[in-house]
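In UniProt numbering, the protein residues as written are 1 to 107. One structure is given here, and the rest of the page talks about it.
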């Protein structure tokens, strides 16, 4: 299942209060890089139900993306209990797998 980018985004304060592991994915539905990564990201997250995945539509005037200094899509931000542990910008699937493996082991 491909994730759709939600235009309803949480506030930064809400994200900072989210417990446990969270993957914030910033992108746009028309973004070719985002579309290319989507199947691999879906497959990688399928076996990691403990990671909360939020796919957030980004663009001009979107405060959540600006608060994480998102400039290119897709940008993945890995957080645990509101703390940013890693940011991946236009990652390859193998980079995402390595980051998620390390993320799962760090908790």
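C-beta atoms are modelled at their ideal positions from N, C-alpha and C, and glycine is treated no differently.
Selection from the options that minimises the alpha carbon distance to residue i
i, options, result
"residue 97", "10, 30 and 48", "48"
"residue 78", "106, 63 and 71", "106"
"residue 36", "86, 85 and 74", "74"
Pairwise C-alpha distance: residue j and residue i
i, j, result
"residue 44", "residue 76", "13 angstroms"
"residue 83", "residue 41", "21 angstroms"
"residue 54", "residue 22", "8 angstroms"
"residue 102", "residue 80", "12 angstroms"
"residue 7", "residue 27", "11 angstroms"
"residue 30", "residue 39", "15 angstroms"
"residue 14", "residue 25", "16 angstroms"
"residue 72", "residue 51", "23 angstroms"
"residue 1", "residue 46", "Here the model assigns residue 1 a pLDDT of 40, short of 50, so the residue's position is not dependable and the matter cannot be decided."
"residue 68", "residue 11", "11 angstroms"
"residue 32", "residue 19", "31 angstroms"
"residue 34", "residue 104", "23 angstroms"
"residue 66", "residue 5", "16 angstroms"
"residue 99", "residue 70", "18 angstroms"
For residue i, the residue or residues it bridges with in DSSP
i, result
"residue 21", "80"
"residue 26", "56 and 75"
"residue 6", "56"
"residue 88", "76"
Integer Cβ distance of residue i from residue j, believed to fall under 8 angstroms
i, j, result
"residue 9", "residue 85", "That pair is no contact at about 20 angstroms."
query = When the Cβ atoms of the region 85-92 are set against those of the region 55-63, are three or more pairs found closer than 8 angstroms?
reply = no
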